[in-house]
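Down below is the structure, laid out as structure tokens.
Residue numbers (my numbering), protein chains in the order written: chain C, 6 to 327; chain G, 228 to 371.
Written out as structure tokens, the structure reads:
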């Protein structure tokens, strides 16, 4: 079973518009934008990984905090997609994250992310109890996404330590300090989220050399694999055995929705690892899952045949031996 | 159809030492009228229902009169509920009532009717809670 932790779940709301007039140069009473289409779905990095895995037939349990009417919608969506849900309920309302995709510029979305509800101390204690219980039945745990108000930034480090002590492989898919604190525990697989800032820990990751240096630092801490995005269609994998570059030649205009692509990548890697693939092949499948997801309007591509086909576009080159 | 195909994979639950006011809070927030009770291993050890809590809060002579219409107001029930609020769920929970992942829909429906339950927990071979089946899950399947 693969356990995913999403401390700040969201209802992802997507709007597709023909034109997005963002300029305020003209004096107008209001700007009305008519959506050609809109879709909502349960979201948050860990939840997206669980949805991907459940659709691939892998047993997965999603954990975190749910609140209010939005929490009910998130739960319903998860249950309908075959994800086992084990959440702590709190007062308030889960966040809604909005993405606006303009026709022809889908690779450059406009996003509005809410902060999410504050998590009270007693709810955090309840969550830890449930987490420890679920670790006893898990093979992997995925610690993913933003930290909500009220929870310390060291939470992933603490959760990673508990998982390692229980013999569970840890995957960290987050950004900034929460990620780097967890890296210091030597997790199995790390996928830094560098969307907001091209930094891993306190190291910039703008160039190939900087990415490799940051990945090597993670490996020094005991990580078995660190996968860092170089650009939209290229990732670099740093492991104790060597460094590999994954690249796909796909024009940006082919992308329809980039939200969730990274999560499909992590889900794809885990799916293939549970099937017995080696890490290099699993990452190739993960990258194909990310590309296939970016090329469709729904957040995730959940068709194994399409992902398999996409694997042909991914080239893998060994960059360096260790 | 088997329980594994019918069930909601929702593990919302309480533990035997969860306090009654916390269980009521969870029922309200999660919109559930029944909560499975699990131990530290995640194994089912009982269930607690709204019905159990209401009955525990009613005056003892309710069993004879089968009505609360003679009460001047709900103060007596409120007083009793406040006394119960900081007691553990284990004081009020029912015995383990569950079905197995491979039980058939007819058996499950019969169980829900006989035990007058709105939902029933589903367990695996080791007794771990793996989901719940509500009456409405069976009804909605049958009308499709």
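Each residue gets a CB set at the ideal place from its N, CA and C atoms; glycine is no exception. Quick caveat, the model's predicted, so the values are computed rather than measured.
Span of the alpha helix (DSSP H) around residue 254 (chain G): 247-257
8 Å Cβ cutoff met for residue 75 (chain C) and residue 107 (chain C): no
Beta-bridge pairing of residue 118 (chain C) - partner residues as DSSP gives them: C:102
Minimum Cβ-Cβ distance from residue 346 (chain G) to chain C less than 8 Å: no
Residue 271 (chain C) (DSSP reduced to helix, strand or coil): helix
Minimum Cβ-Cβ distance from residue 237 (chain G) to chain C less than 8 Å: yes
Cβ neighbours of residue 22 (chain C) in the same chain (closer than 8 Å, five flanking residues each side left out): 38, 39, 40, 41, 105, 106, 107, 108
Exposed unless 16 or more other CB atoms sit within 10 angstroms - verdict on residue 254 (chain C): exposed
Cβ contact check for the stretch 273-283 of chain C and the stretch 246-260 of chain C: 3 or more pairs under 8 Å: no
Chain G within 8 Å of residue 84 (chain C), Cβ atoms only: yes
Classification of residue 9 (chain C) by the beta-carbon crowding that lies within 10 angstroms, buried from 16 upward: buried
When G:307, G:340, G:331 are compared against residue 281 (chain G), the one with the closest alpha-carbon: G:307
Interface residues of chain C facing residue 258 (chain G) [CB-CB closer than 8 Å]: 77
Of the residues C:186, C:217, C:234, C:228, the one placed nearest residue 202 (chain C), counting alpha carbons only: C:234
Host beta strand (DSSP E) of residue 168 (chain G) (start-end): Not covered by the structure: residue 168 (chain G). The range shown for chain G is 228 to 371.
Within chain C, the residues that residue 253 (chain G) reaches when beta carbons sit closer than 7 Å: 94
Sequence-distant residues of the same chain with beta carbon closer than 6 Å to residue 246 (chain G), five excluded per side: 313
For residue 289 (chain C) and residue 250 (chain G), the rounded distance between their alpha carbons: 46 Å
Own chain residues within Cβ distance below 6 Å of residue 124 (chain C), not counting five before or after: 70, 153, 155, 156
Residue 365 (chain G) beta carbon less than 8 Å from that of residue 233 (chain G): yes
Residue from G:309, G:349, G:243, G:273 whose Cα sits closest to the Cα of residue 235 (chain G): G:349
Residue 198 (chain C) (DSSP reduced to helix, strand or coil): coil
Stretch pair the stretch 165-173 of chain C + the stretch 199-217 of chain C: three plus CB contacts closer than 8 Å: no
When C:172, C:189, C:134, C:144 are compared against residue 161 (chain C), the one with the closest alpha-carbon: C:189
Rounded straight-line distance, which links the Cα of residue 266 (chain C) to that of residue 103 (chain C): 16 Å
Cross-chain neighbours of residue 3 (chain C) in chain G, by beta carbon under 7 Å: Since the first and last residues shown for chain C are 6 and 327, residue 3 (chain C) lies out of range.
Any alpha helix (DSSP H) of 4 or more consecutive residues that is wholly inside the stretch 232-306 of chain C: 266-279, 284-299
Residue 95 (chain C) - DSSP class collapsed to helix/strand/coil: strand
Pick from G:230, G:275, G:359, G:258 that is closest to residue 315 (chain G), judged by C-alpha positions: G:275
Enclosing beta strand (DSSP E) for residue 57 (chain C) [first to last residue]: Unbroken run through residue 57 (chain C) is the alpha helix (DSSP H), 50-60; no beta strand (DSSP E).
Identified DSSP bridge partners for residue 17 (chain C): C:46, C:102
Short CB-CB distance (under 8 Å) between residue 268 (chain G) and chain C: yes
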